[in-house]
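A quick write-up on the structure given underneath.
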Amino acid sequence: MPDTSVWAVPVSIIATNRAEYYAKKFGGDVAKSLAEDTIPLFNSDDFEIEDWASNNMNWSDVQHAARCVEPGEVDFDEGWANGDKSVVDADE
Numbered sequence: 001m002p003d004t005s006v007w008a009v010p011v012s013i014i015a016t017n018r019a020e021y022y023a024k025k026f027g028g029d030v031a032k033s034l035a036e037d038t039i040p041l042f043n044s045d046d047f048e049i050e051d052w053a054s055n056n057m058n059w060s061d062v063q064h065a066a067r068c069v070e071p072g073e074v075d076f077d078e079g080w081a082n083g084d085k086s087v088v089d090a091d092e
């Protein structure tokens with residue numbers, strides 16, 4: 001993530017998303033798509049899980065099930081030195 005945090009997302013969420021997408025190739029049967037296509041693919045190579053999630057899903061698709069396993073750190077010195085700035089009138 002942009003703040004360097006690390007999040008865990010159940011693979012089942014990603015697998016179900018893919019199985020729903022390809023269910024039309026299995027007569028609309030999501031369970032069959034999952035069992036005969038998605039699970040074997042995901043078991044063959046972990047990259048396939050990451051690839052599907054990165055290229056076919058949004059954060060909003062997984063946010064409900066995501067769990068932060070390592071909080072991020074914000075480098076305020078970096079942000080101050082190189083971040084976007086603007087001058088605004090502010091009431092004191």
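When we follow this note's numbering, the leftmost residue of the sequence shown carries the number 1, and every step to the right adds one. A virtual CB, placed ideally from N, CA and C, is assigned to each residue, including glycine. Because the structure is a prediction, the values reported are computed rather than measured.
Measure from the alpha carbon of residue i to the alpha carbon of each residue in the options, then state which is nearest.
| i | options | result |
| --- | --- | --- |
| N55 | Q63, K24, V30 and R18 | R18 |
| D3 | N82, W80 and P71 | P71 |
| D61 | A35, T16 and Y22 | T16 |
| R67 | E50, D37 and W59 | W59 |
Determine the DSSP secondary structure at residue i, reduced to helix, strand or coil.
| i | result |
| --- | --- |
| E73 | coil |
| A66 | coil |
| V30 | helix |
| V11 | helix |
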